[in-house]
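Under this note's numbering, the residue at position 95 of the sequence shown is numbered 274, and the numbers go up by one with no gaps.
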Amino acid sequence: MIAHLQRASNTVGLLSHLYGPGERGDHVSPRLIAGEGHGAPIELLAEPDSLPYLAHALDAPVERLGTRAPAQPTWVCSVRSDPRQPDLTDPQWAAVARRLVDATGIAPEGDPDACRWIAVRNRPRQVHVVATIAREDGSLHNAYRDAFRLQSECHLLAAELGHLPIAPQSTPRTQETRMPSPSITITAEPSGSVSAKGASDDLSATLLKHAGFQQIDDWYGRRHRLPTTPADDRAAIATHAAEMLRAARYGVDLDPTLDITTAFTAANPLGPYAAGAELLRLTEQIRSAATGADLKQALDHLLDPEHGALERIREALEAAGEQITDLDDEAFQLADRFGFAEDFVHSAMSELVDSEDELLGVGRAHQPSDQAQMRSRWLPQFRGAALAASPAAAKAQVSSSPDSRSTQPSAAGLPPRAPGPRL
C-alpha cells in the first residue's frame with residue numbers, strides 16, 4: 180500500500196476531475212465513502228451536479244482566513260493497494276482513509292476543530308482523500324512531515340492486511356568453489372626494468388604473458404620481466420597486468436610508480452562516481468564556511484528549488500520509478516520504494532524552503548529589536564469567522580481576539596508545501 184501527496188489551489192476543479200471520467204476514461208462509479216464536514220451536508224452534496232457546493236463546504240474554513248489563506252489550501256492524498264492482492268471494500272477503504280487523516284493530523288480522532296475532508300473512490304484498489312488544510316479554529320495544518328507519517332501508516336496497514344511479502348529465506352550453499360589467491364608483486368627495479376614475482380602457476384603466467392611480460396625460468400625459479408620499453412608504456416602494461424590478475428582472484432602488490440590509476444584517483448577520489456565526488460567537494464565547502472553568507476552560498480548548490488542537487492536527486496528517483504514500471508509491470512513494489520524515496524527528498528526540500536534569510540543571520544549577534552521583529556512574525560492576526568458552519572465557530576471567534584491569542588504562535592506563518600507527486 181502506497182500513498183502519494185499533492186497540493187492544489189482549486190478544490191472544485193479537483194473534485195470535477197475525481198468525479199469525471201478521468202484522463203484515460205478509467206474512473207468507475209465515483210462515490211463518496213467517508214468524510215467529515217463539521218455540519219456541512221457533504222453526503223448530500225457529493226453528486227456530480229452539486230460539486231461547486233461541495234467544494235464551497237470544504238473551503239469554508241479557508242474563506243474565513245481571507246488574505247491569510249495559503250495559495251494551495253487543498254491537500255490531496257491518493258492511496259492504492261497492491262494489485263496482486265484482493266481489493267478492499269468501500270467500508271474497508273473508508274477505514275483506511277480515517278486512519279490516514281488521523282495519522283497525519285489532518286483530522287485527529289475526537290478533535291472538534293480538525294480539517295474538513297472527504298474520501299472519494301473512483302477506481303479499483305485506490306481511494307483519494309481530499310481535505311483543506313485550514314482548521315475550524317482558524318489555524319493551518321502543518322503538512323511538511325505528512326509524507327513520513329503516511330509511509331509509516333501505510334506500511335502498518337499493509338502488514339495488518341497481510342499484503343507485505345514474506346522475505347525469502349536464504350539457502351545456504353553446501354559447497355562454494357574458491358579460486359586460489361596467491362600474492363604477486365610487480366615492482367620497478369633500479370635498473371628501470373619491471374619484474375613480477377610470487378606466483379608460479381600456469382594461469383598467472385598466461386595472464387602476465389598476455390599483458391606483455393616475458394617468462395624467465397632459471398635456478399632462481401619462474402619469474403617474469405618486462406622488456407625495455409618507455410616509462411609510460413611500462414606503467415600502462417604493469418597496471419593492465421595487475422587488473423587482470425586481480426580479476427582472477429590473485430592478490431597483487433603493484434609498485435605505486437607503476438599504477439596509472441593513482442593520478443586519476445587524485446583528480447576524482449571516487450573514480451567513476453563523479454556526482455558523488457562533486458557532492459563530497461560541496462560538503463567540504465560547507466564545512467569550511469566561515470560566515471552565514473558563505474554557508475548560504477555553499478548550500479544554494481544543494482537547496483536551489485530549480486537547479487539544486489536535491490531537486491536533481493528527486494527527479495532521478497522519480498524517473499527511476501517510472502522506468503521500472505515501463506520495463507516491468509510486475510515490479511510494483513520496487514517502483515513504489517523509489518516513489519517513497521522521492522517523497523522523502525521532497526519533504527526534506529519542503530522543510531528547508533525559504534531558509535536563506537536565516538542562513539544569512541547565522542553567527543550574527545541579534546539586537547533586542549531584531550528579536551522583537553522575529554517574534555512579531557509569528558503573532559496571529561485572526562479575523563472573525565463569518566462563514567462558520569460548525570459548532571467550533573464560537574470557539575474560533577473567541578480564540579481570534581488579540582487578547583486571548585497574543586501569546587500563542589500561529590501556524591499561518593509556515594510556508595506552504597510545494598506540490599507533490601501527481602495523481
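The beta carbon of each residue, even a glycine, is placed where N, CA and C say it ideally should be. Keep in mind it's a predicted model, so treat the numbers as computed, not measured.
Could you tell me the alpha carbon to alpha carbon distance between residue i and residue j, rounded to whole angstroms?
i: G317; j: Q305; result: 31 angstroms
i: L458; j: V524; result: 16 angstroms
i: Y323; j: Q185; result: 12 angstroms
i: V516; j: A273; result: As written in the sequence, residue 516 is Arg, which differs from the Val given in the question. The alpha-carbon atoms of R516 and A273 are separated by roughly 25 angstroms.
i: M423; j: K388; result: 11 angstroms
i: L558; j: V532; result: Bear in mind that the predicted position of L558 carries a pLDDT of just 34, short of 50, making it too unreliable to give a figure here.
i: Q264; j: V308; result: 21 angstroms
i: D432; j: A414; result: 14 angstroms
i: D397; j: D434; result: 24 angstroms
i: R425; j: Q271; result: 58 angstroms
i: L340; j: S383; result: 57 angstroms
i: E509; j: A276; result: 26 angstroms
i: G204; j: A248; result: 34 angstroms
i: E530; j: D325; result: 11 angstroms
i: D479; j: L489; result: 10 angstroms
i: H320; j: P231; result: 23 angstroms
i: R404; j: G377; result: 12 angstroms
Classify residue i: buried if its beta carbon has 16 or more other beta carbons within 10 angstroms, exposed otherwise.
i: T356; result: Model confidence at T356 stands at a pLDDT of 46, short of 50, so the residue's coordinates are unreliable; what they give is reported in the following sentence. Looking at its Cβ environment, which holds fewer than 16 other Cβ atoms inside 10 Å, T356 is exposed.
i: I395; result: exposed
i: Q348; result: Bear in mind that a pLDDT of 48 at Q348, under 50, signals an unreliable position, so the model cannot answer this.
i: G214; result: buried
i: P252; result: buried
i: T440; result: exposed
i: P291; result: exposed
i: T268; result: exposed
i: A564; result: Because A564 sits at a pLDDT of 32, beneath the cut-off of 50, its placement in the model cannot be relied upon, and the point is left open.
i: A121; result: Residue 121 cannot be examined here, being either before or after the span of the chain that is shown, 180 to 602.
i: R554; result: For R554, the pLDDT reaches just 38, beneath the cut-off of 50, and the residue's location in the model is therefore unreliable, leaving the point undetermined.
i: R493; result: buried
For the putative contact between residue i and residue j, defined by C-beta atoms under 8 angstroms, what is the C-beta separation to the nearest angstrom?
i: G487; j: L496; result: That pair is no contact at about 14 angstroms.
i: R402; j: S370; result: So it is not a contact: roughly 15 angstroms between Cβ atoms.
i: R163; j: I181; result: Residue 163 lies beyond the residue range present for the chain, which begins at 180 and ends at 602; the question has no answer from this structure.
i: R295; j: H217; result: 6 angstroms
i: L233; j: A225; result: 6 angstroms
i: P240; j: A310; result: No, P240 and A310 are not in contact; Cβ-Cβ is about 10 angstroms, not under 8 angstroms.
Relative to the C-alpha of residue i, which candidate in the options has its C-alpha closest?
i: P159; options: L194, L244, D205 and A250; result: Shown here, the chain extends from 180 to 602; a query on residue 159 therefore has no answer.
i: R302; options: V309, E332, D266 and Q330; result: D266
i: L538; options: G391, Y429 and G471; result: G471
i: D281; options: A293, Q271 and P270; result: A293
i: V255; options: D269, G199 and N189; result: N189
i: R259; options: G377, L279, V241 and L244; result: L279
i: M528; options: R491, H342 and R243; result: R491
i: E501; options: L461, D411, E485 and E521; result: E521
i: F541; options: F392, Q476 and P249; result: Here the sequence assigns Val to residue 541, which means Phe is not the residue at that position. Closest by alpha carbon: Q476.
i: L329; options: I285, A510 and R247; result: I285
i: A536; options: D473, D381 and Q512; result: What sits at residue 536 in the sequence shown is Asp, not Ala. When each option's Cα is compared against that of D536, the closest is D473.
i: D438; options: A410, G199, T283 and Q393; result: A410
Kindly examine the ligand ZN and report whether one of its heavy atoms sits closer than 7 angstroms to the Cβ of residue i.
i: D505; result: Absence of the ligand ZN from the depicted structure is noted, as is the absence of any ligand whatsoever, leaving it without description.
Would residue i and residue j be called neighbours here (beta carbons separated by less than 8 angstroms)?
i: T418; j: A367; result: no
i: A337; j: L386; result: no
i: F327; j: S526; result: yes
i: G430; j: S379; result: no
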